[in-house]
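The next block holds one structure in the form of structure tokens; read it before the comments.
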DNA sequence: CTTGCTTACGAGACTCGTAATAATT
DNA sequence: AATTATTACGAGTCTCGTAAGCAAG
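Chains as they are written, first to last, in the working numbering: chain E, 227 to 541; chain Z, 227 to 541.
As structure tokens, this is what we get:
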């Protein structure tokens, strides 16, 4: 078995079982590809492709498994090249960070300066999106790391770890009646209209659940995707109150608002980073993660990476 | 880059950086190995090995990473061969099950008959050990699957999933005073001497913790590794009482004992299976897992397998 | 008759093994 | 002096590309 054969497999599958096109994409000849595939099938003594009248029309059941593993193997070998280049050109490259608006505005600005100082030759690219789409970008290879609150969806191809927790707070207009109550209850809070924002964040979506479960469902005026700053403006305009993270409120800059800590009522919200489990992260990405989550043991993280690497997704 | 070069890397590392021995193990010549290594280093434009006066004495930092990935890639390619053979010879082979005594005695006997009926040509081998050593066997390749309570140690190279939960019960000698109390408290229970057994099981070791935490540490007479049946004998002999799983008690066969359910006091104990995350399990192992944990969604399991890391009940 | 996979065959590259060389313990 | 890695070189293999064959829509 040679790597070339596995590459051929991958390309044939990627080109809808058309060997001619796969060969073209590989800059080689049809017969060469055809022959290598046959050789591999012969070596394994099992059919990988379903042939119908001289044409390849699909994968056999073992073929599907074999292609999956072949892809994992190829990714691994390509990782070797990536790692080598990473060491050769340490500190040179591009880091594409996908983040939610809140993370981008309230968390990353304190991280980036140190990073660009340490890695002046790494280009930074910041992409915005809700947790699910940010993670999708990483999964699709359009971003190198996502920093988001927990997404509502699972991404089995990503390694996700918590980097910090944000305390929940109730954002209300200045002079709001709730400010006079110390530690207001769910019931008291639910008496006011809410500005909610549905962002694909797991904890955020659980908050409404929590109110409902306790018998005091909240009344909301908005629930379309939007970001924390818009919500604050709406709160300031008197449309309702909102549950946000404590760190999004700055009393200096937002004189029209006040915050009530809700850590006694609601769970803190996790901020997580996500990277592809099957790709070796570049050194500067690891360094970035260290800045994001200094408490994270580097060895523990590497261990998690090791565990996540051997196999790949493509289910 | 060719697979052969990666094999050479692996073997050189496995033979303490002695190319001659590696070549011998690979049934080829020293110069061939040396040359391929050089070629690879040249292609990657990075040194993998540290050379000191013409001798290889160790791995460079990138070398360590590269060897790790190379091993993953090799395992993947070898997996392809395994999978192919698995499909060719479906239902023929060997399944080595590592289990704890309790699992082997009280859980597996109800599973195996159906298995041997379905796979009459699969040889079964049952290995006994505490959770940690059973999992170690799987990690080392000496067993194909472990079925145990949760081990106290983590095994990052294993995929572990829960297959069932066992209700805890207090085993006491017939006529024991606690039998007259309905739902005895930790305090009441802790008044009696215990026969404990230290088995490398996570939940088991947490039980004592729970008593201590609540201010009623238990007094125990034994704590050396032993199995549930020995414990029951000791209980019957009047040496103390014990916390075991409900399913290990059979009123028919053990007239000298009685059981008190403790599910209102203690967490159920998880029974988990563990398999190597980096090896494709054979079809009959998957089938065995299905029998063990019928409630487990096969697709979810395959997905976890693809991801290569545990998807435990962390949510 | 076009599209697409397979077989045939020859050129060229490359791996591998033997032998010789160099360098360190 | 002995052990071990590297260099040199030649034989054999194997991949790959061109060309022809063949089957199906």
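All C-beta atoms, glycine included, are put in the ideal place defined by N, C-alpha and C. As the structure is a prediction and not an experimental result, all values here were calculated from the model.
Handout entry: Collapsed DSSP secondary structure at residue 520 of chain E in the structure displayed
Key = If DSSP states are grouped into helix, strand and coil, residue 520 of chain E belongs with coil.
Exercise for the section: Just list the beta strand (DSSP E) runs in the region 422-464 of chain E, keeping only unbroken ones of 3 residues or longer that don't cross its boundaries, in chain order. Expected result: Listed in chain order, the complete beta strand (DSSP E) runs (minimum 3 residues) inside the region 422-464 of chain E are 445-448.
Handout entry: Other residues of its chain near residue 517 of chain E: CB distance less than 7 Å, five sequence neighbours each side excluded
Key = In chain order, 337, 340 and 341 place their CB closer than 7 Å to the CB of residue 517 of chain E, counting only its own chain and leaving out the 5 sequence neighbours on each side.
Practice task
With DSSP as the reference, label residue 281 of chain E as helix, strand or coil.
Solution key: The three-state reading of DSSP puts residue 281 of chain E in strand, counting E and B together.
Handout entry: Unbroken alpha helix (DSSP H) run spanning residue 214 of chain Z, endpoints
Key = Since the first residue shown for chain Z is 227 and the last is 541, residue 214 of chain Z is missing from the structure and cannot be characterised.
Practice task
Scan the region 249-271 of chain Z for residues whose Cβ lies nearer than 7 Å to a Cβ of chain E and list them as they occur along the chain.
Solution key: The region 249-271 of chain Z vs chain E, Cβ under 7 Å: 270 and 271.
Exercise for the section: Just mark residue 478 of chain Z as buried or exposed, buried being the case when its beta carbon has 16 or more other beta carbons within 10 Å. Expected result: Flag for residue 478 of chain Z reads exposed.
Exercise for the section: Closer than 8 Å by C-beta to residue 244 of chain Z: which residues in its own chain qualify, once you throw out the five before and the five after it? Chain order, please. Expected result: Excluding its 5 nearest sequence neighbours in each direction, residue 244 of chain Z has C-beta neighbours in its own chain below 8 Å: 238 and 282, listed in chain order.
Problem - Inter-residue spacing [alpha-carbon to alpha-carbon] between residue 469 of chain Z and residue 427 of chain E - result: Cα-Cα distance, rounded: 42 Å.
Exercise for the section: Out of E:414, E:503 and E:395, state which residue places its alpha-carbon closest to the alpha-carbon of residue 441 of chain E. Expected result: The shortest CA-to-CA distance from residue 441 of chain E to any of E:414, E:503 and E:395 is the one to E:414.
Exercise for the section: Kindly indicate which residue of Z:326, Z:330 and Z:300 has the alpha-carbon position closest to the one of residue 359 of chain Z. Expected result: Here the closest residue by C-alpha is Z:326.
Problem - 7 Å CB neighbourhood of residue 488 of chain E in its chain, flanking five on each side removed - result: Once the five neighbours on either side are set aside, the close Cβ partners of residue 488 of chain E are 394, 395, 396 and 469.
Exercise for the section: Step through the CB atoms of chain E and report whether any lies within less than 9 Å of the CB of residue 285 of chain Z. Expected result: Not closer than 9 Å to any Cβ of chain E, the Cβ of residue 285 of chain Z fails to qualify, so no.
Practice task
Have a look at residue 411 of chain E and residue 376 of chain Z and give me their C-alpha separation to the nearest angstrom.
Solution key: Each residue's Cα considered, the two are about 39 Å apart.
Problem - Simplified DSSP state of residue 274 of chain Z, which is helix, strand or coil - result: DSSP, read as helix, strand or coil, puts residue 274 of chain Z in coil.
Practice task
Please say whether residue 300 of chain Z and residue 232 of chain Z have beta carbons closer to each other than 9 Å?
Solution key: Between residue 232 of chain Z and residue 300 of chain Z, the gap from beta carbon to beta carbon is short of 9 Å.
Exercise for the section: Alpha carbon to alpha carbon, how far is residue 364 of chain E from residue 534 of chain Z? Give it in angstroms, no decimals. Expected result: Residue placement at residue 534 of chain Z is poorly supported in this model, since its pLDDT is 46, which falls under 50; the coordinates are not used for a value here.
Practice task
Would you identify the three-state DSSP class for residue 396 of chain E, choosing helix, strand or coil?
Solution key: In this structure, residue 396 of chain E counts as strand in the three-state DSSP scheme.
Practice task
Please determine, among E:438, E:353 and E:334, the residue with the shortest C-alpha to C-alpha distance to residue 390 of chain E.
Solution key: Ranking E:438, E:353 and E:334 by Cα distance to residue 390 of chain E puts E:334 first.
Practice task
Just the C-alpha distance for residue 298 of chain E and residue 304 of chain Z, rounded to the nearest angstrom, thanks.
Solution key: Distance between the alpha carbons of residue 298 of chain E and residue 304 of chain Z is about 12 Å.
Handout entry: Under 7 Å by beta carbon: chain E residues contacting residue 288 of chain Z
Key = What residue 288 of chain Z touches in chain E: 309, 310 and 313.
Exercise for the section: Report yes or no: is there a C-beta of chain E within less than 9 Å of the C-beta of residue 240 of chain Z? Expected result: The beta carbon of residue 240 of chain Z sits no closer than 9 Å to any beta carbon of chain E.
Handout entry: residue 485 of chain Z: contacting residues in chain E (beta-carbon distance under 8 Å)
Key = What residue 485 of chain Z touches in chain E: nothing, since even the nearest Cβ is about 36 Å away.
Practice task
Using a Cβ-Cβ cut-off of 9 Å, state whether residue 337 of chain E counts as contacting chain Z.
Solution key: False, the Cβ-Cβ gap to chain Z never drops below 9 Å.
Practice task
Give a yes or no on whether 9 Å exceeds the smallest Cβ distance from residue 229 of chain E to chain Z.
Solution key: Closer than 9 Å to some Cβ of chain Z, the Cβ of residue 229 of chain E qualifies, so yes.
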